[in-house]
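Here's the structure, in structure tokens; my notes come after.
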Amino acid sequence: MEFQVGVIAGDGIGPEVVAEAQKVLNKVGEVFGHRFHYEAILMGGCSIDATGVPLTDEAIAAAKASDAVLMGSIGGNTQTSPWYQLPPQLRPEAGLLKLRKSLNLFANLRPAYLYEELKEACPLRDNIIGDGFDMMIMRELTGGLYFGERKTEEVDGVMTAVDTLTYNENEIRRIAKRGFDIAMKRRKKVTSVDKANVLDSSRLWRKVVEEVAKDYPEVTYEHMLVDNCAMQLVKNPGQFDVILTENMFGDILSDEASMVTGSIGMLSSASLNDTKFGLYEPSGGSAPDIAGKGIANPIATILSAAMMLRYSFDLDKEADAVEEAVRQVLKDGYRTIDIMPQKDKETVTQVGTAKMGDFICERIK
Ligand code: IPM
Ligand code: MG
46 MEFQVGVIAG DGIGPEVVAE AQKVLNKVGE VFGHRFHYEA ILMGGCSIDA
96 TGVPLTDEAI AAAKASDAVL MGSIGGNTQT SPWYQLPPQL RPEAGLLKLR
146 KSLNLFANLR PAYLYEELKE ACPLRDNIIG DGFDMMIMRE LTGGLYFGER
196 KTEEVDGVMT AVDTLTYNEN EIRRIAKRGF DIAMKRRKKV TSVDKANVLD
246 SSRLWRKVVE EVAKDYPEVT YEHMLVDNCA MQLVKNPGQF DVILTENMFG
296 DILSDEASMV TGSIGMLSSA SLNDTKFGLY EPSGGSAPDI AGKGIANPIA
346 TILSAAMMLR YSFDLDKEAD AVEEAVRQVL KDGYRTIDIM PQKDKETVTQ
396 VGTAKMGDFI CERIK
């Protein structure tokens, strides 16, 4: 089959890791008889440099016209980059938020899985790791604090900033349904995370999740307060299957979950709407400190491409092959610097971004 893939390489390590994911897609094409056509799309700092804005209307139109979009990362050093001297709506991140909103990408899936081979890179003690863990963070992506009204103004002579956290029941219901649907294909457990002891938006969240849960009698579900969830993730990560949560909590918890898997360089993500379209990106950032050095871990981006094969193109066999190749490359002892073990370094080989991509391609069968 033929597929049109929009490619947002972006800033920092983005272009380096996206190149490896494209290599992998091309290899999948060769082995399984598909063709992937790519169209480069500008977003983030590189778009600011070229056009003055982080996302143009043409870029949105190009993304919409593709079957799916593969993305690297956007943004730079927030303390030193001139992009952060611009007004907030012209900064790199504003491009990503605008794209998510324009394409209605309300469901963000972030799988956090501990590979047997990476137990060494996991910062948790062995007795906590136990048999490992495998969770899916379902983050609502187009509502909440990220998209509520905001302003900074002087009130009675005092500078005051306001961000608004809004959710309506429809926004909660559609993400909750997605969460329960995904749970049905996994271990059938949903942990809905909120702050219902303080926030109205969370109390509504809880009520709607309970209504949705009635349609999924096979799924066990529980509510958990977000502060407790942050603690449970490092105390007993094995308890989680699907974590269902709002935008801001999901942003924070997914970084935490990625770190307990060993490295944020391993965490893929898919942002989906009601159609087959999706935006696929590693959960990590642009890592400007290591950009251009050829040492970034491309695995999260490669696994995001595998999610693209699975969710947007219905190519499950192909997605399995990519995931298996990643497992195999780790088994064979290849590591980028971020997932190098603390001890027994002699048992593995450190490789750079491009070599990691090549070795994964070799293992796609
Ligand atoms: C993420 C990122 C973004 C977010 C930033 C870059 C706006 O941290 O995808 O998790 O906060 O959603
Ligand atoms: Mg984040």
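For reference, each letter of the sequence shown is one residue, going 46 to 410 in our numbering. Glycine included, each C-beta is placed from N, C-alpha and C at the ideal position.
Taking 7 Å as the cut-off, is the beta-carbon of residue i closer than that to any non-hydrogen atom of the ligand IPM?
i             : result
glycine 193   : no
aspartate 296 : yes
glutamate 185 : no
glutamate 291 : no
serine 328    : yes
glycine 51    : no
leucine 190   : no
glutamate 138 : yes
leucine 150   : no
glycine 378   : no
leucine 141   : yes
glycine 120   : yes
Between residue i and residue j, what straight-line distance do the alpha-carbon atoms span, to the nearest angstrom?
i                 : j              : result
valine 50         : leucine 324    : 10 Å
isoleucine 344    : proline 156    : 13 Å
leucine 360       : threonine 125  : 42 Å
glutamate 369     : lysine 410     : 9 Å
threonine 346     : lysine 196     : 35 Å
valine 235        : glutamate 263  : 11 Å
phenylalanine 404 : isoleucine 217 : 42 Å
isoleucine 340    : leucine 87     : 23 Å
glutamate 407     : valine 238     : 40 Å
valine 203        : threonine 101  : 36 Å
asparagine 71     : methionine 304 : 30 Å
alanine 241       : serine 247     : 5 Å
asparagine 84     : lysine 400     : Reading off the sequence, residue 84 comes out as glutamate, not asparagine. Distance between the alpha carbons of glutamate 84 and lysine 400: 24 Å.
leucine 417       : proline 99     : The question about residue 417 has no answer here: the residues shown for the chain are numbered 46 through 410.
lysine 146        : aspartate 286  : 27 Å
glutamate 363     : glycine 117    : 21 Å
arginine 372      : tyrosine 160   : 8 Å
aspartate 336     : glutamate 61   : According to the sequence displayed, residue 336 carries alanine and not aspartate. Each residue's Cα considered, the two are about 8 Å apart.
serine 349        : arginine 355   : 10 Å
tyrosine 212      : methionine 352 : 28 Å
glutamine 134     : methionine 46  : 39 Å
serine 313        : isoleucine 182 : 11 Å
glycine 397       : glutamate 194  : 43 Å
alanine 309       : aspartate 201  : For the sequence presented, residue 309 should be read as isoleucine rather than alanine. Looking at the two C-alpha atoms, the distance is approximately 44 Å.
aspartate 245     : proline 127    : 38 Å
Hey, residue i and residue j: beta-carbon distance below 8 Å or not?
i                 : j              : result
glycine 307       : alanine 166    : yes
phenylalanine 294 : valine 271     : yes
asparagine 122    : proline 333    : yes
proline 137       : glycine 97     : no
alanine 315       : isoleucine 220 : no
isoleucine 119    : glycine 55     : yes
serine 92         : glycine 140    : yes
threonine 392     : asparagine 342 : no
valine 69         : leucine 115    : no
arginine 184      : asparagine 292 : yes
phenylalanine 322 : alanine 107    : no
asparagine 273    : asparagine 149 : no
glycine 283       : aspartate 176  : yes
valine 73         : valine 367     : yes
lysine 233        : threonine 265  : yes
Can you look up residue i in the DSSP assignment and give me helix, strand or coil?
i                 : result
methionine 353    : helix
lysine 196        : strand
aspartate 179     : strand
alanine 108       : helix
glutamine 130     : helix
methionine 385    : coil
alanine 399       : helix
tyrosine 191      : helix
asparagine 71     : helix
alanine 345       : helix
glycine 51        : strand
phenylalanine 151 : coil
isoleucine 409    : coil
Closer than 7 Å to a non-hydrogen atom of the ligand MG - does that hold for the CB of residue i?
i             : result
aspartate 300 : yes
Within 10 angstroms of its Cβ, does residue i collect 16 or more other Cβ (buried), or is it exposed?
i              : result
glutamine 67   : buried
lysine 109     : exposed
threonine 290  : buried
valine 207     : exposed
glycine 188    : buried
valine 254     : buried
methionine 472 : The chain is shown only over 46 to 410; residue 472 falls outside these bounds and no answer can be derived.
valine 76      : exposed
methionine 311 : buried
glycine 378    : exposed
Verify the contact flag: residue i, CB atom, against every heavy atom of the ligand PLP, threshold strictly below 7 Å.
i           : result
glycine 323 : Among the ligands present in this structure, namely the ligand IPM and the ligand MG, the ligand PLP is not found.
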